[in-house]
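Protein chains in written order, with this note's numbering: chain R, 11 to 124; chain Z, 10 to 119.
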Amino acid sequence: NAGVTQTPKFQVLKTGQSMTLQCAQDMNHNSMYWYRQDPGMGLRLIYYSASEGTTDKGEVPNGYNVSRLNKREFSLRLESAAPSQTSVYFCASSERQGLGNTIYFGEGSWLTVV
Amino acid sequence: QKEVEQDPGPLSVPEGAIVSLNCTYSNSAFQYFMWYRQYSRKGPELLMYTYSSGNKEDGRFTAQVDKSSKYISLFIRDSQPSDSATYLCAITGANSKLTFGKGITLSVRP
């Protein structure tokens, strides 16, 4: 019972490099999310996808792009990485977006930009 | 004023202590209240949720909501070293926007 799986778990990038964080869920959820977590800042929503075929900006979308590839997969792309994007990234999913829907998180991806 | 404020911590208590973790919120439209627990180097996992004022118990854990004061709490009775983690409150309203507190790190000393 995998839940939400994200890869890679650890990555070091040089400033200006690009990379994609992959996320897949096996719970048949409609909604998926990307968060970043920084010390003293808590969890902040980057982008979300309420349902397959839709994506919307969250609180901190600048410097990121997303793709909802299908119902299972939601990827996060850094086109030109910056040191300010050093963070822990969490993918999450819920049955649907809305009141009372539990969000399930992946294990996290630790990204360092040097 | 931030929408959700959480006591910053960290918090260290001896095993067996009663722990009280608190959050305040500013938007009276918030309706659904959750507590997530996050172990080191893991993703957050839902611990408890409630949508009404009052108390909700689950084993050693009690979630309390006071909508009139816009105050939520998580109580842990007979705390154990295995309770050592970061606890995040999370609140959502009718617009479905989920807002997290910054989290408080709890350490339970054997």
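We treat Cβ as the ideally placed atom computed from N, Cα and C, and that holds for glycine.
Treat the numbers as computed from the prediction; the structure is a model and nothing was measured.
Is the beta carbon of residue i sitting closer than 8 Å to the one on residue j?
i               : j               : result
I27 of chain Z  : F70 of chain Z  : no
S41 of chain R  : S94 of chain R  : no
Y96 of chain Z  : W44 of chain Z  : yes
S93 of chain Z  : V117 of chain Z : yes
M57 of chain Z  : K65 of chain Z  : yes
Y43 of chain R  : R54 of chain R  : no
I56 of chain R  : L88 of chain R  : no
Q169 of chain Z : G110 of chain Z : In the structure as shown, chain Z starts at 10 and stops at 119, and residue 169 of chain Z therefore has no counterpart that could be examined.
F84 of chain R  : S119 of chain R : no
Y114 of chain R : V22 of chain R  : no
T128 of chain R : L55 of chain Z  : Residue 128 of chain R lies beyond the stretch modelled for chain R, which goes from 11 to 124, so this question has no answer here.
I113 of chain Z : P17 of chain Z  : yes
C98 of chain Z  : V22 of chain Z  : no
E117 of chain R : H39 of chain R  : no
Just list the residues that DSSP pairs residue i with in beta bridges.
i               : result
G102 of chain Z : Z:F39
A34 of chain R  : R:T15 and R:E83
E62 of chain R  : For E62 of chain R, which the question treats as bridged, DSSP gives no partner whatsoever.
G68 of chain R  : According to DSSP, G68 of chain R bridges with nothing at all.
Q27 of chain R  : Q27 of chain R is not bridged to any residue.
V98 of chain R  : R:Q47 and R:W120
K65 of chain Z  : Z:A72
In terms of alpha-carbon separation, which member of the options lies closest to residue i?
i               : options                          : result
Q35 of chain R  : R:V124, R:N80, R:M51 and R:P18   : R:N80
N75 of chain R  : R:Q32, R:L23, R:V22 and R:P18    : R:Q32
T3 of chain R   : R:V14, R:Q107 and R:F20          : Past the edges of chain R, shown from 11 to 124, lies residue 3 of chain R, and the structure says nothing about it.
A92 of chain R  : R:K24, R:K19, R:G13 and R:A60    : R:K24
T33 of chain Z  : Z:S91, Z:P90, Z:Q73 and Z:S88    : Z:Q73
S37 of chain Z  : Z:K76, Z:P53 and Z:S62           : Z:K76
F100 of chain R : R:N111, R:A60, R:G26 and R:L121  : R:L121
D48 of chain R  : R:V124, R:G116, R:V98 and R:Y114 : R:V98
M29 of chain R  : R:M37, R:S90, R:G116 and R:T112  : R:S90
N61 of chain R  : R:R78, R:E69, R:V70 and R:F20    : Sequence inspection shows Ser at residue 61 of chain R; the Asn mentioned does not correspond to that position. Residue R:R78 is the option with its Cα nearest to S61 of chain R.
K67 of chain R  : Z:P119, Z:G112 and Z:K106        : Z:K106
E24 of chain Z  : Z:Y60, Z:R86 and Z:T101          : Z:R86
L115 of chain Z : Z:K11, Z:F42, Z:R46 and Z:S78    : Z:R46
R82 of chain R  : R:G52, R:A12 and R:M37           : R:M37
Y60 of chain Z  : Z:I100, Z:T108 and Z:K11         : Z:I100
G63 of chain Z  : Z:S35, Z:P119 and Z:F42          : Z:F42
Q89 of chain Z  : Z:S49, Z:L30, Z:P119 and Z:P19   : Z:P119
N31 of chain Z  : Z:S49, Z:Y48 and Z:S78           : Z:S78
Handout entry: Residues of the stretch 11-42 of chain R whose Cβ lies closer than 8 Å to any Cβ of chain Z, in chain order
Key = V14
Handout entry: Residues of the stretch 50-62 of chain Z with Cβ closer than 9 Å to any Cβ of chain R, in chain order
Key = R50, K51, G52, P53, E54, L55, Y58 and Y60
Exercise for the section: Output, in sequence order along the chain, the residues in the stretch 59-87 of chain R whose CB is closer than 7 Å to any CB in chain Z. Expected result: none
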